[in-house]
Amino acid sequence: MAGSNLLSWILWMPMLGVLGVLILPKDKTTMIKGWALINTIITFILTVVLYSKFDTNQAGMQEAFNVAIPWISQFNIFYRLGVDGISLPMVILTGLLFMLCILSSWTQIKKSIKAYFALLLLLQSTVFGVFFALDFFLFYVYWEVMLIPMFFLIGVWGGENREYAAVKFFLYTFFGSILMLVGIVALYFATNQSVDSFNILALSGGKFSQLSVSLFGTTVSFSKIFFVFMFIGFAIKVPVFPFHTWLPHAHVQAPTAISVILAGVLLKMGTYGFLRIAFPIFPESAKYFSTAIAWLGLINVIYGALCAMAQTDVKKLIAYSSVSHMGFVMLGLAAMTVQGVNGAVLQMFNHGTSTAMMFFMIGILYERSHHRWIVKPDGSRGYGGLYTQLPVYSIIFIIGMFASMGLPGLSGFISEALIFLGIYERFTTITVLALFGLLIGAAYLLWMFKRMFFGDVNPEVKEYEDMTKLEVLYMAPLCVAVILFGIWPSPILNVMKASVGQLVSLLATF
Amino acid sequence: MDYTLTTVAPIVLLPFFAFVINAFIVKRFTKLAVGISCAAIFGSFLYSLKIFIDFLSVYSTNYYIHKVFTWFDLSAGEHLFKVNMGIYIDNMTAVMLLMVTGAATLIHVFSTWYMHDDPRFGRFFVYLSLFTSAMLGLVLSDNLLSVFIFWELMGFCSYSLIGFYYEKEGAGNASMKAFMTTRVGDVFFLLGILAIWSVVGSTTFVDMYAALAAGKLNGIMILGIPLATFAGFSVFMGTMGKSAQVPLQVWLPDAMWGPTPCSALIHAATMVAAGVYLSLRMYPIMEAGHLTTFIAYIGAITAFGAATVALVQTDIKAVLAYSTISQLGYMVIGIGVGSYNASFMHLITHAVFKACLFLSAGSVIHSIHCQEMPQMGGLRKKLPYTFFAMLLCCFAIAGVPFFSGFVSKDRILGDALVMATENKAFIGVAILGFGGALLTAFYMFRMLFLTFFGEPRDHHIYDHAHEEHIGWNSNVPLLILSLFTLGLFYSGSFTGQGEVNLFGSKYEWFQTLIKKPEVSTVAQFTDYQREDLGMTDTRDKVALTKAAYDSTYGLSEEKAHHIHVVHRIGAVLSIFIAFLGIFLAYSMYVKKTLNPGWWTNKFAAWTRALKNKYYFDDLYVGKIIQKGLLPFNDLLSRFDMGFYDKYGVDGWATVNRWAYSVSRWFDNNIVDSGMVDGTGASVRLMNVVLRTIQSGRVQLYFIVLIVVLASYVLTLRF
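First to last, the protein sequences are chains A and B. For the first sequence, the working numbering gives the first residue as 1, with consecutive numbering after it. For the second sequence, the working numbering gives the first residue as 1, with consecutive numbering after it.
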């Protein structure tokens, strides 16, 4: 296929999958699963092809892959796709995680299989859309459409309180989207409805730094006010404190695969939004607010970690740990130095793999125990002695846990070290405080591990089987990823560094 | 000897590959896995021996090899940022490599005996290989970042090995405690790395020394503290965690939950010493940061305090654990009083005799399946080789002349005494140091006498002690290690350039080769350029003049004389103290002329404090964690979900419901009754719209919000 169509192929391949799933009869479940699996494998291969054709020297969008076709010409809305070093790691992560999620859902999903796989593939397509879109309107469309499959996937296949969690997730994100939409509309008029009104790249570069608007009678900077709008829109997705409370609900209620997607990919869409939209379009405001962003990131790190320590539900604990780890990404972004932002983008990828491991692992355990209590509400221990009972499971869990903790030699360390190095040069006090996040981060994970895995075998645990071959199969790529990129991060850093460098240079001019 | 990265790498990679291979085959071929691990570490040992011999043949203080490669590169456009990794071998590294690989090889061999009937025999060797590889990586590191990486990897191995018997609850607690306590130090260590990195631009030792010599670190304040103090303190916190210094010493006694060979390797010989090694490497920064007094006192308090706790321990491994903490304290005193060379020597000698002590304790425990000394006694007839090895080691640690511990500890104490005569602030250090030495001699011989002398106190245990179960692979490592407790290996000269003198005189290979990096001589590094991968080392290997070997070289005659006299007093004092300690132990536990029970009754409050390890655990776990941190976390979590989320977020639903009732009222009373009748169809349409909005679906409120906001934006003036 021609290089220029590759992005469209990746984007629409899952839709082809949706079509296939819809055509297949409802009771041929194996065929549906198989089709979805093949489809995601092809998609993943396509993302790898994209990686192999990627030119690491180009800082901007890869010219070979750019797509720009008029879509709604009256409003200058284009079907505009592109990929650069910031989006490519996310694209590969999306391709990888969805493929593994299909495998994980293979036995775990038992009701309405057809609808589930159709929605999962639809979700994949919209996620790709968010990462590829270079037209603001298109971006918004994908950002919004993504909520629909997500809403149903949590609301139908989730836990006992799934409807509440789904509605909360939907409304919260939607609230953020509205603020973003206002920003889009404002930009549309600020650029005099020109041909580039929705072109993210053309809007970038700090063109609105001098503009001011009159709001409720006072004159305020256009850039600042709409940066805040967009910031809130994206911050809800990350989630940045104080917009984080939807996350524990959504995670606890969502089925395993959806938790993985949520933590692994969807949260990164928030930080990706900063990198692609909020920062390049309003660089002066990003710089202006960077101290505030750093403090918010710090609160995320510490507050998330402390809350995680108090949890007795494993999934909720991991959900709060995501809040904490995404705080590191925010710190890296706020640093606005080459180390910090590279670290942040790398952390987006690494957190995607390590947290996916954690959610998969707890899902695998849930299949056996049908509960997730570290300590049951009545005070008795939920697990205990898993190390003795499930040796293979324990080893993979340890890899995931230590990767998540940022043990050197595993992937999380390099990104965290880079983030700290980046942030240190600008905000020393915040660095000193954020380092304690590493301490608490180790504490809640190890304490959880101790309570679940050490000690004599809990009688309930005695019936659990160790991991099946299928489970090992879909955990293996993630194990390889966290170890490989912990020792050798260059494959990811090399693709992102030019694009990140360009963004940092832009931010540095203000 | 042209060492390049690729030729040195096997030292680290052999055990690492053993780890990788074993991790996959361990289930099916346990014996093969064990063989691979042992062969790998033996290969590393041979290579280290070659390096050591090469460095001895050069015999120059300043000779070193430094090779770097780029780990990853973030340079883009005008931004330049590279992270380099590399190897740095100087005399200290060469000695360290030999010690680590030598001790590790012997401990591997010993483990084949000690662990052979354990169901997780193979898995033990997997961790052991990974650990050795990490330790060797740390020793070869040329920069702080890679030290940190290997440092944490060792922490992971230590965690896994302490928790090796994972079915025991206590092992789980101990492993977590060890990891978390050292992590407190590690967080500060990372902070120190960041501080240095941001100023120096790299974290290699040579760049750091060069920056220090060039005065780059002067005048930079971090949070109101001078950089050198800030960075030096932060890194020293890492040392305090890893080398179990007060107040972060609490984890090491609990680490004894691990199998005994791992205690010997990790918690006695290598990992805990890595903290001291790091501080030695960072010495110029710490000196520049005026931290020496602080460091000396931390070391002195640790050395003395841990020795006092060791007095009341009844578990043989616990005695050794506290003695390890105490001896590490002596090394830290050495750093604090500027006794760089002796501190490093004590690291090496301690590694040898403490590894041997742990292995001996391991043979005892494995032979009688008991760790409590009150149930032992009279075992010297049953375990003669073990007894012999332990006796030599006890001589060494107590500081009996001709043994290694004397050579190194005496020098540290002598230097502490010199410092005390020059600076009153150090008097306390000297007192605690000598006091600790007395206690050391006492509690080590108490352990020896309780275990091997007297009548068997538990005949059941005694009769079931099986000497015949002990094989060559248990005794040979013990005997080899005990041989190296002799002082002449450390105080003599191998090459004939110095004079052999057993009493710690001037001309010793150790003192010649290991010199602290003086900032004045460090200036030579200022024009230092990084070498690229694979380039050969072209610096001259100059043999020094005889005068340069003299420890008093460059000092005034008067001062040299003073130091000489004080050292001599110190030596006499420490010999006296060693024999006094041994004599007291002998009187109490063999002759029984003194009754230990009388002492414990007389000082009951003290004994209680000692049995409770000075209440550190109560404070940390009982007070700070149980009473402080965990309730606070619970409160925070309740606030988050029970208050903030419930009212702050879901509370908007109530606001919406309120808005809904207002708009319904508006709809019913004003729109319907007031206007609809008059205006007809168009308003009725409007009514439908409003009714739809009022349906209670919150999404629709958002759509209204969009429309309102969007139309407001339309009216904005640009």
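Think of the CB as a built atom: it goes at the ideal place given N, C-alpha and C, for glycine as much as any other residue. Quantities reported herein were computed from a predicted structural model and do not represent experimental measurements.
If you check the CB distance, THR61 (chain B) and LEU347 (chain B) do not come in under 8 angstroms. Counting other Cβ atoms within 10 Å of its Cβ, PRO25 (chain A) stays below 16 and is therefore classed as exposed. Residue environment: ALA344 (chain A) is assigned as buried (16 or more neighbouring CB atoms within 10 Å of its CB, all protein chains considered). Contact annotation for TRP197 (chain B) against chain A: LEU421 [CB-CB distance below 7 angstroms, chain order]. At a cut-off of 8 angstroms between beta carbons, PHE124 (chain B) makes no contact with chain A. ASP667 (chain B) and LEU171 (chain A) have their C-alpha atoms some 26 angstroms from each other.
Listed along the chain, the chain A residues whose CB falls inside 8 angstroms of the CB of LEU128 (chain B) amount to none; the nearest CB is some 16 angstroms away. At least 8 angstroms separates the beta-carbon of ARG411 (chain B) from that of ALA351 (chain B). At a cut-off of 8 angstroms between C-beta atoms, ALA76 (chain B) counts as an interface residue with respect to chain A. For PHE72 (chain B), the closest C-alpha among the options A:LEU346, A:GLY352, A:ALA443 is that of A:LEU346. Between PHE222 (chain A) and GLY183 (chain A), the CB-CB gap reaches or exceeds 8 angstroms. One Cα belongs to ILE316 (chain B), the other to LEU573 (chain B), and the distance between them is close to 28 angstroms. Contact check between the segment 440-452 of chain B and the segment 387-394 of chain B: three or more CB pairs, one atom from each, fall below 8 angstroms, which counts as touching. Secondary structure note for PHE639 (chain B): it is in no beta strand (DSSP E), with a DSSP letter that is neither H nor E.
B:ILE325 is the residue among B:ILE325, B:PHE294, B:TYR297 whose C-alpha sits nearest the C-alpha of ALA307 (chain B). Note that the C-beta distance between GLU152 (chain B) and GLY385 (chain A) is not below 8 angstroms. With a contact defined as Cβ atoms closer than 8 angstroms, ILE423 (chain A) and ALA334 (chain A) qualify at about 7 angstroms. No Cβ of chain A is located within less than 8 angstroms of the beta carbon of SER37 (chain B). Against chain B, the CB of PRO377 (chain A) has no partner CB under 8 angstroms away; the residue lies outside that interface.
The closest CA to that of LEU280 (chain B), considering only B:GLY238, B:GLY414, B:ALA134, B:HIS267, is found on B:GLY238.
Per the C-alpha coordinates, the member of B:PRO10, B:ALA23, B:ILE301, B:VAL68 positioned closest to ALA40 (chain B) is B:PRO10.
Around the beta-carbon of ILE487 (chain A), fewer than 16 other beta-carbon atoms lie within 10 Å, marking it exposed.
Assignment of VAL337 (chain B) by DSSP, reduced to helix, strand and coil, places it in the coil class. Between PHE236 (chain B) and MET286 (chain B) a beta carbon distance of about 6 angstroms is seen, short of the 8 angstroms cut, so the two are scored as contacting. Secondary structure of VAL68 (chain B) (DSSP, three-state): strand. Minimum Cα-Cα distance from LEU32 (chain B) among the listed residues B:TYR209, B:VAL95, B:VAL126 corresponds to B:VAL126. In terms of Cβ geometry, ILE77 (chain A) and PHE198 (chain A) form a close pair [threshold 8 angstroms]. The count of Cβ pairs closer than 8 angstroms, one atom from the segment 86-97 of chain B and one from the segment 216-230 of chain B, stays below three, leaving the stretches out of contact. Out of A:ILE318, A:ILE72, A:LYS114, the CA that lies nearest to the CA of LEU19 (chain A) is found in A:LYS114. In this chain, the alpha helix (DSSP H) harbouring THR302 (chain B) covers 292-310. For THR219 (chain A), the pairing in a beta bridge is given by DSSP as A:SER214. In the structure shown, LEU81 (chain A) falls within a strand segment according to DSSP collapsed to helix, strand and coil.
One thing to note: GLY122 (chain B) has its Cβ within 8 angstroms of the Cβ of VAL34 (chain B).
For PHE81 (chain B), the secondary structure class from DSSP, reduced to helix, strand or coil, is coil. Within the segment 441-455 of chain A, contact with chain B at the beta-carbon level (separation under 9 angstroms) is assigned to ALA442, ALA443, TYR444, LEU446, TRP447, PHE449, LYS450, ARG451, PHE453, PHE454, GLY455. Judged by DSSP in its simplified three-state form, LEU390 (chain A) adopts coil rather than helix or strand.
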